[in-house]
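**Student:**
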Amino acid sequence: MASKKIVVLGTGGTIAGLAPHSGQGGPGHLAYRAGQVGVDRLLAVIPPLKGLPLLAEQLAQVDSKDMGPVVWQALAARCAHWLSDDDVQGLVITHGTDTLEETAYFLHRVLAPHKPVVLTCAMRPADALAPDGPQNLVDAVAVAQSSGAQGVVAVCAGQVHSAIDVAKVHPYRLDAFSSGDAGPIAWVEAGQLRLLRSWPVAADGRADLLAAAVARHSPTAWPSVEIVLNHAGADGRIVDALVGAGVHGLVAAGTGNGTLSQMLEAALLRARESGVEVVRSTRCASGQVVPYRDDAIAVARGLSPVKARIALLLDLLVR
Ligand code: SIN
68 MASKKIVVLG
78 TGGTIAGLAP
88 HSGQGGPGHL
98 AYRAGQVGVD
108 RLLAVIPPLK
118 GLPLLAEQLA
128 QVDSKDMGPV
138 VWQALAARCA
148 HWLSDDDVQG
158 LVITHGTDTL
168 EETAYFLHRV
178 LAPHKPVVLT
188 CAMRPADALA
198 PDGPQNLVDA
208 VAVAQSSGAQ
218 GVVAVCAGQV
228 HSAIDVAKVH
238 PYRLDAFSSG
248 DAGPIAWVEA
258 GQLRLLRSWP
268 VAADGRADLL
278 AAAVARHSPT
288 AWPSVEIVLN
298 HAGADGRIVD
308 ALVGAGVHGL
318 VAAGTGNGTL
328 SQMLEAALLR
338 ARESGVEVVR
348 STRCASGQVV
358 PYRDDAIAVA
368 RGLSPVKARI
378 ALLLDLLVR
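Residue numbers (the working numbering): 68 to 386.
Okay, structure coming up:
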C-alpha cells in the first residue's frame with residue numbers, strides 16, 4: 068500500500084533564512100534575513116527526505132516577529148483543506164521560532180486535529196556552517212508519519228512539545244524551546260519516537276465555531292487584544308491609553324501568582340467597567356496562576372500571556 072502524503076507548508080523563519088551575501092553570516096549567524104528560501108528547496112537538499120511522499124506548499128515567507136492574523140487566517144484554511152484529504156497523513160509547518168508557540172496554540176484551538184500538525188523551525192539560517200533546520204525537518208516528518216500521532220505539536224532539537232505548553236525560552240541556543248513543568252511529550256531518537264505522555268487534544272469542542280469565525284472575519288477587523296505587564300512602579304497609565312485607543316481585550320501579565328500593583332489593578336477594573344474584557348496571567352516563565360476564591364479579575368488558567376491573548380482574541384471573535 069502506498070504511504071499517505073505529508074504536506075509541508077512553508078511560512079518563512081530562520082529555517083528559510085540566508086545571509087544577505089554569502090559569507091556575511093559571521094561566526095554568530097546573526098547577519099541573515101529570515102524567510103528567503105522556498106520550502107521546496109529546503110526539502111530538496113535533505114537526503115533522508117528523498118523518495119518520501121512529501122508535498123510542499125509555500126504559504127507565506129515572513130520573519131515570524133511579523134506573524135499575525137493575515138497569515139493565521141490563510142494557514143488555518145490551508146491546514147483544514149489538507150487535513151480533510153484522506154490521502155494526507157499529517158502536516159508539517161516550517162515557521163520562525165519567535166512566535167511559533169503562538170501559531171501552534173492558535174492552530175490547536177481552531178483545528179483540534181485528529182491528525183498530526185507539526186511545526187518546526189531552526190535557530191540557524193539555511194546557509195549556516197552547521198544549520199539545524201534539516202535535522203529538525205527530518206524529525207518533524209518522522210513525527211508526522213508516526214502512527215497514532217495527532218494534535219498540534221512543535222518539534223525542535225529532538226524534542227516534541229505540545230502546542231499548549233511550548234514556549235521559546237532562549238534567544239540563541241539550538242534547543243530554544245521548553246514545555247516547562249509539563250515537559251516534552253516525546254523525543255525523536257534516530258527517527259523513532261519515544262512517547263512520554265499523550266498527544267494534545269483541544270477539549271472544549273469549539274474548534275468548528277472558532278474556525279468559522281476566523282474564516283468569516285477580515286483579519287484587519289479581528290478584535291484588538293493587548294498584553295500589559297505588571298512591574299515595579301506599574302501605574303496603569305498604559306491601560307488607560309489602550310482603552311482610549313479602542314482596545315477590546317487586555318491580558319495582564321502579573322507578577323508571581325498573577326498579582327497586580329494597586330494602580331494597575333484599578334486601571335484594569337476601570338477598563339472592564341468600560342466594556343473591555345480583562346484576564347490575568349503571570350509573567351513567570353513556568354507554572355500557572357492559582358486562582359483565588361474571590362478573584363476580581365479572572366485567571367487565564369495554565370496559559371502564558373501570549374497564549375492567553377490568543378484565547379481571549381478567539382473568545383471575542385465568536386461573540
Ligand atoms: C523568526 O522567528 O522568523 C526569526 C527567528 C527564528 O526563526 O529563529
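The C-beta atom is built at its ideal place from N, Cα and C for all residues, glycine as well.
Taking the alpha helix (DSSP H) that cysteine 146 belongs to, which residues open and close that run?
**Tutor:** 136-150
**Student:** Among Pro372, Ala111, Ile82, Ala301, which has the Cα closest to the Cα of valine 233?
**Tutor:** The closest CA to that of valine 233, considering only Pro372, Ala111, Ile82, Ala301, is found on Pro372.
**Student:** From the DSSP output, read off the bridge partner residues of glycine 218.
**Tutor:** Pro183
**Student:** Going by alpha carbons, who is nearest to proline 114 out of Val205, Ser341, Pro183?
**Tutor:** Val205
**Student:** Starting from the Cα of glycine 218, find the closest Cα among Arg264, Val112, Gly247, Arg191 and give me that residue.
**Tutor:** Arg264
**Student:** I need the DSSP call for leucine 121, collapsed to helix, strand or coil.
**Tutor:** Secondary structure of leucine 121 (DSSP, three-state): strand.
**Student:** From valine 292 to aspartate 361, what distance separates their C-alpha atoms?
**Tutor:** 25 Å
**Student:** Taking the alpha-carbon positions, what's the tryptophan 289 to valine 281 distance?
**Tutor:** 8 Å
**Student:** Can you find the residues in the same chain that come closer than 6 Å, C-beta to C-beta, to leucine 150, ignoring five residues on each side of it along the sequence?
**Tutor:** The answer, listed in chain order, is Pro180, Lys182.
**Student:** Please report the straight-line C-alpha distance between leucine 241 and arginine 191, rounded to a whole angstrom.
**Tutor:** So the alpha carbons of these two residues sit roughly 8 Å apart.
**Student:** Specify which residues have a beta carbon nearer than 5 Å to any heavy atom of the ligand SIN, listing them in chain order.
**Tutor:** Gly80, Thr81, Ala101, Asp130, Ser131, Gly163, Thr164, Asp165
**Student:** Sorted by chain position, which residues of the same chain lie with C-beta nearer than 6 Å to serine 70's C-beta, five sequence neighbours on each side aside?
**Tutor:** Excluding five sequence positions before and after serine 70, the CB atoms of its chain that fall closer than 6 Å to its own CB belong to Pro120, given in chain order.
**Student:** For alanine 375, which residues of its own chain have a beta-carbon under 7 Å away from its beta-carbon, when the five flanking residues on both sides are left out?
**Tutor:** Hits under 7 Å: Val318, Val346, Ser348, Ala367.
**Student:** Check whether the segment 254-273 touches the segment 220-236, taking contact to mean three or more Cβ pairs, one atom from each stretch, closer than 8 Å.
**Tutor:** At 8 Å Cβ cutoff, the stretches touch.
**Student:** Should alanine 127 and valine 112 be called a contact, given that it needs their Cβ atoms to be closer than 7 Å?
**Tutor:** no
**Student:** Would you call aspartate 199 buried or exposed, if buried means 16 or more other Cβ atoms sit within 10 Å of its Cβ?
**Tutor:** buried
**Student:** In terms of DSSP beta bridges, what is phenylalanine 244 paired with?
**Tutor:** Lys235
**Student:** Would you mind reading off the limits of the beta strand (DSSP E) that contains isoleucine 364?
**Tutor:** Per DSSP, isoleucine 364 belongs to no beta strand (DSSP E) and is neither H nor E.
**Student:** How is arginine 273 classed by DSSP in three states: helix, strand or coil?
**Tutor:** coil
**Student:** Which of the three DSSP states, helix, strand or coil, is assigned to glycine 369?
**Tutor:** coil
**Student:** With DSSP run on the structure shown, which of helix, strand or coil describes alanine 319?
**Tutor:** Alanine 319 carries a strand assignment under DSSP once its states are collapsed to helix, strand and coil.
**Student:** Which residues in the same chain as alanine 333 place their Cβ atom closer than 8 Å to its Cβ, once the five residues preceding and following it in sequence are excluded?
**Tutor:** Gly303
**Student:** Going by DSSP in three states, alanine 308 sits in which element: helix, strand or coil?
**Tutor:** helix
**Student:** Around the C-beta of aspartate 165, are 16 or more other C-beta atoms found within 10 angstroms, so that it is buried, or is it exposed?
**Tutor:** buried
**Student:** For arginine 386 and leucine 276, what's the separation of their Cα atoms in angstroms?
**Tutor:** 11 Å
**Student:** Whole angstroms is fine: what's the gap from glutamine 259's alpha carbon to alanine 123's?
**Tutor:** 23 Å
**Student:** Compute the Euclidean distance between the alpha carbons of valine 310 and valine 343, then round it to the nearest angstrom.
**Tutor:** Rounded to the nearest angstrom, the two C-alpha atoms are 8 Å apart.
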